[in-house]
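Number of protein chains: 2
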Amino acid sequence: MKLSQRAMEIQASPIRKLMPHAEAAKKRGLKVYHLNIGQPDIPTPQVMIDAYHSFSDKVLAYGPSQGLDIYRQGLVRYYSRYGINLNEDEIIVTTAGSEAITFAMMVVAEVGEEILVPEPFYTNYNGFASMSGIHLKPITTVGENGYQLPPAEVIESFITKKTKAILICNPGNPTGTVYPEEDVMMIGEIARKYNLFVISDEVYREFIYEGLKHTSIMNVPDLEANAILVDSVSKRYSACGARIGCIASKNKEVMSALLKFAQARLCPPTVDQLAALACIDLGDEYFHPLISEYEARRDLTYNALLQIPDIVCVKPQGAFYILATLPVDNVEEFVTWMLDEFSIDGATMMGAPGDGFYATPGLGLNEMRLAYVLNQEDLSKAMHILTEGIEAYNKIKG
Amino acid sequence: MKLSQRAMEIQASPIRKLMPHAEAAKKRGLKVYHLNIGQPDIPTPQVMIDAYHSFSDKVLAYGPSQGLDIYRQGLVRYYSRYGINLNEDEIIVTTAGSEAITFAMMVVAEVGEEILVPEPFYTNYNGFASMSGIHLKPITTVGENGYQLPPAEVIESFITKKTKAILICNPGNPTGTVYPEEDVMMIGEIARKYNLFVISDEVYREFIYEGLKHTSIMNVPDLEANAILVDSVSKRYSACGARIGCIASKNKEVMSALLKFAQARLCPPTVDQLAALACIDLGDEYFHPLISEYEARRDLTYNALLQIPDIVCVKPQGAFYILATLPVDNVEEFVTWMLDEFSIDGATMMGAPGDGFYATPGLGLNEMRLAYVLNQEDLSKAMHILTEGIEAYNKIKG
């Protein structure tokens with residue numbers, strides 16, 4: 009029985025594929041600090057949990073394919089707080105950001121067509137591209153300039169007749185890079201010039217440090233026809249298990265096509281939408297302490313990395329990831345070794361190998377993505393284990 | 009800005025596309041009896057609602073991509089009650105049956121390849137096929153013999169080098185047909201002979217009347233390599249809004265590929281899985297009265313249809329749909345007219361035009377799918393409105 013080509017080729021998640029080694033370590037009695045996955049330890053807001061508790065419909069029914077009206081109205085309020093002017097007909101609720109990105113890819117590109125994406129990029133874009141049969145064409149960015157975008161002429165040199173869209177993640181996963189306003193404007197200009205869509209993944213919108221300002225693709229003037237926003241409540245409200253996201257555009261044709269995709273799968277989960285709605289008006293009183301905590305975690309992680317000899321990394325400006333070049337040849341082997349053979353005081357740590365975040369073969373092999381999603385005490389221990397682990401590994405392997 | 013071909017071609021849901029007319033009718037103050045959509049009025053089991061109320065994790069976290077262990081263990085128990093022997097590694101929890109079918113299609117067929125499907129079939133298969141770029145090749149069945157499968161040689165005549173799978177829905181939506189054991193065995197035999205997968209959509213497993221027996225694809229001997237089961241809690245527990253389904257196979261390669269698709273979208277919703285788990289041990293005490301109620305609704309609907317002059321329909325054996333050939337030329341126009349212009353005592357009714365359930369152009373234009381998902385009093389009123397509506401329509405149009 010032969011499977012489809014896409015089933016053979018779709019990647020195993022680089023974030024999750026070494027999990028059996030972590031499970032084995034746990035079975036041996038070790039504690040494993042998970043910096044491999046963006047699963048925050050921040051409590052989900054009590055208003056959200058309360059919303060699950062107060063669901064009282066007699067029948068847990070299908071909602072509208074575009075999402076519950078009341079939730080889309082809530083999203084309109086949410087976006088307006090960020091100066092993003094959307095009405096509810098310009099928003100479709102999705103089953104998390106994953107579905108939003110998949111729908112966006114399928115709407116803009118046909119099988120065999122291309123979407124440009126700055127690499128390193130969120131590794132699951134690869135999976136969505138495999139499913140939809142589109143080709144992700146990477147524009148390599150480098151740590152030396154903080155993984156910022158290259159100049160317009162470099163980006164334009166990647167555009168072919170097959171190119172249908174540019175996909176950006178801002179703030180960036182796995183880099184933590186925040187694109188300055190002029191770079192978002194530049195992307196908009198290129199999109200207009202070449203009639204490309206821009207798919208902007210802004211799930212880390214609030215996670216910006218040092219008072220930097222986030223520029224949404226929806227704030228670029230005269231980009232109504234091109235801009236597609238994808239979003240999710242997963243990180244924002246520490247609600248990764250709710251699986252609620254959305255996709256938004258001011259292009260009526262895009263929205264009308266998206267609605268047909270949405271109708272095919274009937275609707276996103278009903279109670280989870282009500283739970284997400286309960287968070288929608290959380291403002292600075294919720295986000296300020298949250299962002300301060302993440303900023304402190306970032307500083308702790310970054311400063312700990314700087315103590316490791318021969319390490320290369322850039323201080324992230326947003327999201328909650330840091331990509332570091334480690335003084336080892338192959339980070340996947342190193343992560344496996346850490347889980348299989350290294351521990352301090354009954355604990356070890358896990359990062360995500362960097363190569364999974366690149367589409368260009370050979371890149372990222374000696375890089376590791378760390379998600380600073382644990383409390384500072386655990387994070388300190390994890391970074392200590394990493395530091396000692398690298399030294400021990402190089403003694404053995406060197 | 010040109011959208012992708014699939015975005016242009018994907019169908020608008022035939023079940024939902026006339027909803028604006030229903031909304032307009034409601035705005036004019038009419039009550040609309042919705043027999044167009046399989047949304048039961050049966051209360052969701054209280055244990056399920058209670059499970060939402062008792063969710064108490066501090067962090068609403070990602071679950072495993074394959075679904076929560078505890079829920080997959082529950083599914084193992086559930087299936088064993090039906091003589092279906094599965095272990096938890098042979099099950100992946102999905103975001104409803106929709107995702108299960110999409111994953112199944114993507115795993116077995118490449119873009120441009122074919123899946124055979126008896127028509128009329130569940131219309132959203134079209135949407136999933138558009139997304140995954142596969143071609144659904146219909147094997148037309150007819151009401152004269154209860155939409156049963158044609159003989160093996162007829163089915164085999166549809167098989168080409170591009171054919172990768174046969175997709176069946178048993179019990180059937182929109183036909184209510186239950187395949188006898190020998191026909192499920194026949195499908196298995198064909199699959200073995202031609203190395204095809206069988207994707208079996210069994211979401212209506214329990215909805216079988218007159219003591220008929222359901223034969224699962226998982227009960228066909230020697231079909232471990234070929235059989236893929238897709239399932240959902242939506243209808244079973246009147247929980248369409250939970251969006252919890254699953255996909256199961258004993259083919260390890262299939263499961264390993266499916267896991268990669270599942271990893272790309274991270275996980276199905278967490279709390280909804282716990283809610284579905286709360287229902288998993290519901291047995292005859294839950295299903296017996298439920299099935300009796302649906303059987304009575306079926307009888308009511310069928311008997312009411314028989315009173316309409318020149319109507320053709322088959323008494324369904326399962327699910328909760330009936331497909332009827334109405335004495336009108338075009339059911340889409342008739343449904344629109346009913347919503348726009350016809351009412352009795354401040355109420356009208358809505359069915360789903362039949363052509364959306366066929367892939368062969370021109371078929372089903374004078375058919376209507378009725379979902380008998382309302383209580384018997386409402387159902388009676390709806391059928392009365394339909395009967396009078398047909399007469400009035402033919403007087404005007406005839």
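Taken in order, these protein sequences are the chains called A and B.
Count along the first sequence from 1, add 8, and you get the number used in the numbering used here.
Count along the second sequence from 1, add 8, and you get the number used in the numbering used here.
Virtual Cβ for every residue (Gly too), placed ideally from N, Cα, C.
Q) Of the residues B:R244, B:V125 and B:A117, which one's Cα is nearest the Cα of D49 of chain B? A) B:R244
Point to revise | Neighbourhood of D4 of chain A by C-beta distance below 6 Å, restricted to the same chain and skipping five residues each side | key: Here chain A comprises residues numbered 9 to 406, so residue 4 of chain A is not present and cannot be evaluated.
Select from B:P126, B:A247, B:F215 and B:P188 the residue whose C-alpha is nearest the C-alpha of K66 of chain A. Ranking the options by Cα distance to K66 of chain A, first place goes to B:A247.
* Opposing strand residues paired with E127 of chain A [DSSP bridges] -> A:T148
ask   = If H143 of chain A sits next to M358 of chain A, beta carbons under 8 Å apart, how far is it from one beta carbon to the other, in whole angstroms?
value = With a Cβ gap of about 31 Å, H143 of chain A and M358 of chain A do not count as contacting.
Whole-number beta carbon distance between G151 of chain A and V322 of chain A, since they are thought to touch under 8 Å: Sure, about 5 Å apart at Cβ, within 8 Å.
In whole angstroms, what is the alpha-carbon distance linking S224 of chain B and N259 of chain B? Taken atom to atom, the span from the alpha-carbon of S224 of chain B to that of N259 of chain B is near 16 Å.
CA-to-CA distance, G184 of chain B to G91 of chain A, given in whole angstroms
51 Å
- Query: Are F269 of chain A and M114 of chain A close, meaning C-beta to C-beta below 9 Å?
  - Reply: yes
Can you find a CB in chain B that lies within less than 9 Å of the CB of P48 of chain A? yes
Alpha helix (DSSP H) segments (min. 4 residues) lying fully within the region 76-126 of chain B | 77-88 and 104-116
Got a sec, what are the start and stop residues for the beta strand (DSSP E) V206 of chain B sits in? F205 to D209
(Q) For I123 of chain B, which residues in the same chain have their Cβ closer than 8 Å to its Cβ, ignoring the five residues on either side in sequence? (A) The beta carbon of I123 of chain B lies closer than 8 Å to those of M113, V116, A117, A137, I142, H143, L144, K145, T171, K172, A173, I174, L175 and I207 in the same chain, with the five residues before and after it left out.
*Is there a Cβ from chain A that is less than 9 Å from the Cβ of P28 of chain B?*
no
Where R251 of chain A falls, given that 16 or more other Cβ within 10 Å makes a residue buried: buried
- Query: Whole-angstrom Cβ separation of M263 of chain A and D386 of chain A, contact assumed at under 8 Å?
  - Reply: That pair is no contact at about 43 Å.
- Task: Leaving out five residues on either side along the sequence, give the residues of the same chain with a beta carbon under 6 Å from the beta carbon of R80 of chain A.
- Result: E96 and I99
- prompt: CB Y401 of chain B to CB I330 of chain B, shorter than 9 Å?
  reply: At the C-beta level, Y401 of chain B and I330 of chain B stay beyond 9 Å of one another.
query = Just reading off the beta strand (DSSP E) that D239 of chain B is part of, what are its end residues?
reply = A235 to S240
- Run of the beta strand (DSSP E) containing H438 of chain A, from where it starts to where it stops: Nothing in the structure corresponds to residue 438 of chain A, since chain A is present only between 9 and 406.
Check: Does C177 of chain A have its Cβ less than 9 Å from a Cβ in chain B?
Finding: no
For H296 of chain B, is the classification buried or exposed, using 16 other Cβ atoms within 10 angstroms of its Cβ as the cut-off for buried? exposed
I'd like to know if D280 of chain A contacts chain B, where contact means its C-beta is closer than 9 Å to some C-beta of that chain. yes
So G253 of chain B is in the beta strand (DSSP E); what residue range does that whole segment cover? G253 to S257
Query raised in the report: DSSP three-state call for T395 of chain A: helix, strand or coil?
Result: helix
- Query: Closest by CA to R119 of chain A, which one among B:S12, B:E399 and B:A304?
  - Reply: Checking the sequence, you will find Val at residue 119 of chain A rather than Arg. The shortest Cα separation from V119 of chain A among B:S12, B:E399 and B:A304 belongs to B:S12.
Does the distance from the CB of E312 of chain A to the CB of N44 of chain A come in under 9 Å? Per the sequence shown, residue 312 of chain A should be read as Ala rather than Glu. Cβ atoms of A312 of chain A and N44 of chain A: not closer than 9 Å.
Spatial neighbours of A390 of chain B in its chain, beta-carbon cut-off 7 Å, leaving aside the 5 residues before and after: Y41, L43, M357 and L382
Rounded separation between G154 of chain B and P72 of chain B - CA only
CA-CA distance, G154 of chain B to P72 of chain B, rounds to 42 Å.
*What do you get for G372 of chain A, buried or exposed, if any count of 16 or more other CB atoms within 10 angstroms of its CB means buried?*
G372 of chain A is buried by the Cβ-count criterion.
TODO: Only counting runs of 4 or more residues, tell me where the alpha helix (DSSP H) segments fall wholly within the region 276-312 of chain B, in order along the chain.
DONE: 278-287
Checklist entry - Is the region 293-308 of chain B close to the region 278-289 of chain A, with three or more CB pairs under 8 Å? => result no
_Let me confirm a value: P229 of chain A is counted as buried when at least 16 other C-beta atoms fall within 10 Å, else exposed. Which label applies?_
exposed
For the region 53-71 of chain A, enumerate the residues whose C-beta is nearer than 9 Å to any C-beta of chain B, in chain order. M56, I57, Y60, H61, S62, F63, S64, D65, K66, V67, L68, A69, Y70 and G71
### Task
Measure the CB-CB distance between S351 of chain A and L83 of chain A and report whether it falls below 9 Å.
No.
Where the beta strand (DSSP E) through Y41 of chain B begins and ends: K39 to H42
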